[in-house]
Amino acid sequence: PTYAIAMVLYKKGEVEKAKIFLEKQFKKKKEIIYYLCLTLFDLILADKASAEKKIIKGLKLIETKPPDISTQTDSFLNISQCYYEIEDFKDSLDFSKKVTKLTHPQGREHNIASAFMKINEFNLKKEKDLDINEELSRLKEIGCIYDYAYLGKLRIESLMRSDLKQEQIQEIAEELNGIKEIFESLGAGLELDRTKKLQARLFPIILKDYSRRVISVQYLDTFSKLAELISSDLGNEDFAQHILDLVVKTTNAERGALFMKTPKGLEFIAGRDIDQTTIKDAGELSHTAIQDS
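Taking this note's numbering, I'd label the letters of the sequence shown as residues 4 to 296.
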């Protein structure tokens, strides 16, 4: 019950309160899982130095007085999570492997550890793809919804450390929304806040992708219309003016001028809503662009 109460407070986002509560309980009863749980709380509260000391001391306690299998499982899973938090993916991988050896393949802890293994291997560049669907499906099936959402968030977090493929961006945005809704429904304030921060990091990527796709569509549309003009208007008197109209419309410009490069230099051949100053400026700009290219 003590461990469960502390973890409920932690998941709600009341980490300081959870730490104070568990420290009092640890003074009454020196349980190793309490000690390692405090390690995780220290990390979330940005006390990395204290957390690393606790991990070392906790491992020594396990070596000198090995606890039962259940406590070992919880302890190693906790340590794996701690190492992930400080982005020590190698040690996190090592401890998640220990958990899989101690647990049943269909159990909660085994599937969490298995997912951690794959996530860490991806972050260590040992695997090109990150697929934890099997583990997530099992956790959802046995009702471990918090763990399902938490590991889903870690998967997205890991994918965002690499270069996202264009087809992944929309999918990830939708998954994050679903994960956020789960944490909201569970009152899991800590991971809800962290998910929102992840969404904030994803937002510029979404905007960039959207702009790229919109611009690509505009370019394709413009070149298609340009091809039509060349096919139907080439040689006609208004050909140059029609080309300029297309460019002005595409760029949302207020006015424009079109020049043609001839043996004698640039020759003005079409314009829209321009005066002599505009023609002069446009000519100089075109001349500079030709020189640069």
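Note that the Cβ used here is the ideal one computed from N, Cα and C, for glycine as well.
- Residue burial annotation: ASN180 is exposed, with fewer than 16 other C-beta atoms found within 10 angstroms of its C-beta.
- The C-alpha of TYR37 is placed about 12 Å away from the C-alpha of ILE23.
- Just so you know, the alpha carbons of LYS156 and LEU142 end up roughly 14 Å apart.
- Closest option to GLU170, judged by alpha-carbon separation, among LYS200, ILE185, ILE209 and ALA191: ILE209.
- Burial is judged here by how many other beta carbons sit within 10 angstroms of a residue's own beta carbon; GLY16 has at least 16 and is buried.
- For a cut-off of 8 Å, the C-beta gap from ILE135 to LEU154 is around 6 Å, short enough to register as a contact.
- With a cut-off of 8 Å on Cβ pairs, the segment 143-153 is in contact with the segment 103-119, counting three or more such pairs.
- If you check the CB distance, LEU48 and VAL18 come in under 9 Å.
- Closest in C-alpha terms to ALA176, from the list GLU187, LEU189, ASP166 and THR198, comes THR198.
- With contact defined as three or more Cβ pairs closer than 8 Å, the segment 76-91 and the segment 49-59 are in contact.
- CA-CA distance, GLN109 to GLU124, rounds to 21 Å.
- In the displayed model, THR42 falls within a helix according to three-state DSSP.
- The distance from the Cβ of LEU127 to that of LEU96 is about 7 Å, consistent with a contact at the 8 Å cut-off.
- Setting aside the 5 residues that flank it on each side, GLU26 is surrounded in the same chain by LEU41, each with a C-beta closer than 8 Å to its C-beta; the list follows chain order.
- In this structure, the CA atom of ILE35 is about 27 Å from the CA atom of LYS121.
- Non-local beta-carbon contacts of GLU160 in its own chain, meaning distances under 8 Å to residues more than five positions away in sequence, involve LEU201 in chain order.
- DSSP, reduced to helix, strand and coil, places THR265 within a strand of the structure shown.
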